[in-house]
């Protein structure tokens, strides 16, 4: 997969909490489950783990992951593979005057030419949308 | 992968095939007979459409007695799904949950 054919999703938020506290929410299995998904995360680089969503028809709800980067209170990254999507999630925490700047980058999405554009061309992106409970099931 | 993707797009470009695939994805495994009953086209036509879907790996046939039972293989759609828009909504919602958790951790 060439770098120039993929896109990234970036979400950034200022949070009025210390990096240490946000780090706990990002890296302690029981806390991760409270806001993201059930998991068997361990704070060790190369540890392989799963996120588990509620299974839906034709999707077991399992996301395969591996810890790639673990730098306490600062940087966390894991691979994220499910339903043929091979991607990477990277968290960066930067202290600010009033708390922490939280940045999440989910990278490895194919270009629009590969996905949305073709979908629109054939007029079935909406159809895919109507099947999201089958193929996505992200809740 | 590109070849497979094109097969999938072509297979789903036809509204009758889209309807057949959607029914299999929604209602589970069915025979050609059962599918014909509701498709509004002849059984040979349904069989032909299923052949195209099968070629694109969107459906799988399982022989049982005299009939073949077809089931949807929606993972064949994965290479074309606009994951970015799906995950955009997903992560924004999870960020909200994270912030809510952080507030509770204060208490």
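Residue numbers (the working numbering), protein chains in the order written: chain A, 1 to 139; chain B, 140 to 246.
Think of the CB as a built atom: it goes at the ideal place given N, C-alpha and C, for glycine as much as any other residue.
Just to confirm, are residue 159/B and residue 188/B a CB contact at a threshold of 9 Å? yes
Exposed or buried, which one is residue 185/B when buried takes at least 16 other CB atoms within 10 Å? buried
Give the list of continuous beta strand (DSSP E) stretches no shorter than 3 residues that lie fully inside the segment 28 to 82 of chain A. 48 to 52, 62 to 71 and 75 to 82
Of the residues 243/B, 222/B and 182/B, the one placed nearest residue 155/B, counting alpha carbons only: 182/B
Contacts that residue 168/B makes with chain A (C-beta to C-beta distance below 7 Å): Here the premise fails: no neighbours, minimum Cβ distance about 11 Å.
Would the segment 94 to 112 of chain A count as touching the segment 5 to 24 of chain A if we require 3 or more Cβ pairs under 8 Å? yes
Is the CB of residue 93/A under 9 Å away from at least one CB in chain B? At a cut-off of 9 Å between beta carbons, residue 93/A makes no contact with chain B.
Please state the DSSP three-state secondary structure of residue 199/B. strand
By the 7 Å beta-carbon criterion, what residues does the segment 62 to 83 of chain A contribute toward chain B? In summary, the residues of the segment 62 to 83 of chain A whose CB is separated from some CB of chain B by less than 7 Å are 83, in the order they occur in the chain.
Keeping to the same chain, check which residues put their C-beta closer than 7 Å to that of residue 24/A; ignore five residues upstream and five downstream. 31
Tell me whether the beta-carbon of residue 67/A lies closer than 9 Å to the beta-carbon of residue 76/A. yes
If you check the beta carbons only, do residue 170/B and residue 208/B fall under 9 Å apart? yes
Could you list which residues in chain B have their beta carbon closer than 8 Å to that of residue 52/A, in chain order? Those do not exist, as residue 52/A stays about 15 Å from chain B at its closest Cβ, beyond 8 Å.
Along the segment 222 to 243 of chain B, where does the CB come closer than 8 Å to a CB of chain A? Name the residues. 222, 223, 224, 225, 226, 227, 229, 230, 231, 233, 234, 236, 237, 238, 239, 240 and 241
Output needed in chain order: residues of the segment 11 to 30 of chain A with a Cβ under 9 Å from some Cβ in chain B. 11, 13, 15, 16, 17, 21, 22, 24, 25 and 26
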